[in-house]
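Reviewing the structure listed below.
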Amino acid sequence: MGLLRSGNFDLVCQGFSAPLDQQKGTVFVVHGYFDHTGLYSHLIKHCLQKGLTVVAFDLPGHGLSSGESASIDSFNQYSDALLRVISEADYQQVNKPWYAIGQSTGAAVIVNAIVENKFPLRDFESSVFLAPLVYPKHWVRSCLLFALVRWFIKETKRNFTNNSHDREFLNFLRSSDELQSSKLPRDWIIAMMDYQKRLRHFNTIDYPVNIIQGTEDDTVDWGRNIKQLETKFSGAKTYLIYGGQASLG
Numbered sequence: 001m002g003l004l005r006s007g008n009f010d011l012v013c014q015g016f017s018a019p020l021d022q023q024k025g026t027v028f029v030v031h032g033y034f035d036h037t038g039l040y041s042h043l044i045k046h047c048l049q050k051g052l053t054v055v056a057f058d059l060p061g062h063g064l065s066s067g068e069s070a071s072i073d074s075f076n077q078y079s080d081a082l083l084r085v086i087s088e089a090d091y092q093q094v095n096k097p098w099y100a101i102g103q104s105t106g107a108a109v110i111v112n113a114i115v116e117n118k119f120p121l122r123d124f125e126s127s128v129f130l131a132p133l134v135y136p137k138h139w140v141r142s143c144l145l146f147a148l149v150r151w152f153i154k155e156t157k158r159n160f161t162n163n164s165h166d167r168e169f170l171n172f173l174r175s176s177d178e179l180q181s182s183k184l185p186r187d188w189i190i191a192m193m194d195y196q197k198r199l200r201h202f203n204t205i206d207y208p209v210n211i212i213q214g215t216e217d218d219t220v221d222w223g224r225n226i227k228q229l230e231t232k233f234s235g236a237k238t239y240l241i242y243g244g245q246a247s248l249g
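So for the sequence shown, the numbering used here puts the first residue at 1; every next one is plus one.
This is the structure we're talking about:
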């Protein structure tokens with residue numbers, strides 16, 4: 001575990017190494033909104049069993065990294081944090097080939113870096129987007145409501161949804177995880193809307209992306225999101241998990 005500086009943020013980073021004689025590359029894991037690296041033990045263990053070293057970090061405002069809890073001014077700050085971690089991995093000569101996995105907002109962080117033409121595509125074999133965020137569920141209705149109240153409220157109370165079939169995990173998030181935020185800041189919503197706009201105007205590129213999506217996901221508007229991402233990434237392949245919910249990491 002170590003610290004990296006990205007802009008005004010201190011990022012807590014962790015590395016998990018597969019045995020040297022089994023290493024087949026490195027996976028960069030980008031967690032979802034309200035999450036942190038500590039919630040991804042199953043994914044990390046799976047990657048290690050496949051011989052993949054794992055590099056993970058807490059996004060600004062999440063987990064042990066610095067920043068206002070669950071808030072951000074721009075998704076570019078998230079992407080800059082990812083790029084800072086990638087730059088350090090390159091400096092440390094972390095084992096290649098490289099892959100990236102992003103859960104929900106984590107996928108948006110990778111997409112945003114690509115949209116901004118900053119993501120080192122040639123260094124990555126492919127990326128995996130787990131329940132990727134573009135538009136949340138019921139976004140049109142929420143957007144209209146937000147337009148009415150955005151000037152009067154700074155944050156709203158977070159609604160803990162049943163985004164996993166693992167009830168023990170859900171109870172842990174609600175009651176025991178001290179790194180969870182209880183608020184949804186207005187600034188984060190504005191930053192997400194800016195990301196949506198820039199993605200809409202992004203030209204199609206040929207980059208191998210695997211989209212994995214649960215059909216019972218009530219967090220994102222997954223049908224709409226998949227259609228948009230497939231138009232932006234001509235090399236995209238989509239895999240549906242029937243009965244799967246939002247938390248796939």
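Where is the CB? At the ideal position from N, CA and C, for every residue including glycine.
Anticipated Cβ contact below 8 Å, residue i with residue j, distance rounded
i	j	result
L184	T215	Not really, about 25 Å apart at Cβ, beyond 8 Å.
V134	I212	Contact flag wrong, Cβ pair sits at about 15 Å.
G106	H31	5 Å
W24	G51	Correcting the residue type first, residue 24 is Lys in the shown sequence and not Trp. Going by Cβ atoms, the distance from K24 to G51 rounds to 4 Å, so yes, they are a contact pair.
P132	L229	6 Å
S79	E116	6 Å
Y195	A108	6 Å
S254	T219	Nothing about residue 254 can be read from this structure; the chain reaches only from 1 to 249.
A81	S6	4 Å
G102	L59	Actually they are not in contact, since the Cβ atoms of G102 and L59 sit about 11 Å apart, beyond 8 Å.
Close Cβ partners of residue i (< 7 Å) along its chain, the five nearest in sequence each way excluded
i	result
C47	V27 and V54
S71	G61, P185, D187 and W188
L83	A113 and K118
R150	R186
S142	P136
W139	D221
P97	G25 and E125
R200	none
Residue i: first and last residue of the uninterrupted beta strand (DSSP E) it sits in
i	result
D73	Segment: none, D73 is in no beta strand (DSSP E) and carries neither H nor E.
S142	Counting along the chain, S142 falls outside any beta strand (DSSP E), though it belongs to the alpha helix (DSSP H) covering W139 to V149.
I241	A236 to I241
V54	L52 to F57
V30	G25 to V30
D10	F9 to F16
L3	G2 to S6
Endpoints, alpha helix (DSSP H) assigned at residue i
i	result
S41	S41 to Q49
D194	R186 to R200
F259	Coverage of the chain is limited to positions 1 through 249, which leaves residue 259 absent and any answer about it impossible.
Spatial neighbours of residue i in its chain, beta-carbon cut-off 6 Å, leaving aside the 5 residues before and after
i	result
A56	Q14, V29 and T37
K154	R186
W222	Q213
G243	E216
Three-state secondary structure assigned by DSSP to residue i
i	result
W222	helix
I101	strand
I153	coil
N159	coil
D177	coil
S210	Looking at the sequence itself, residue 210 is Asn, so the reference to Ser does not match. Strand at N210.
D90	helix
T125	The sequence as given places Glu at residue 125; Thr does not occur at that position. Three-state result, E125: strand.
L133	coil
D80	helix
T64	The sequence given here places Leu at residue 64; Thr does not occur at that position. Of the three classes helix, strand and coil, the one that applies to L64 here is coil, per DSSP.
K227	helix
K183	strand
Own chain partners of residue i with C-beta closer than 8 Å, once the 5 adjacent residues on each side are dropped
i	result
T3	Correcting the residue type first, residue 3 is Leu in the shown sequence and not Thr. D10, L11, V12 and C13.
L179	H36, G38, H62, G63 and L64
Cutoff 8 Å: residue i Cβ touching any chain B Cβ
i	result
S74	Chain labels in this structure do not include chain B; a single protein chain is all it has.
Is the stretch 234 to 242 touching the stretch 199 to 208 in the sense that three or more CB pairs, one from each, lie closer than 8 Å?
A contact between stretches requires three or more CB pairs, one per stretch, nearer than 8 Å, and the stretch 199 to 208 meets this requirement with the stretch 234 to 242.
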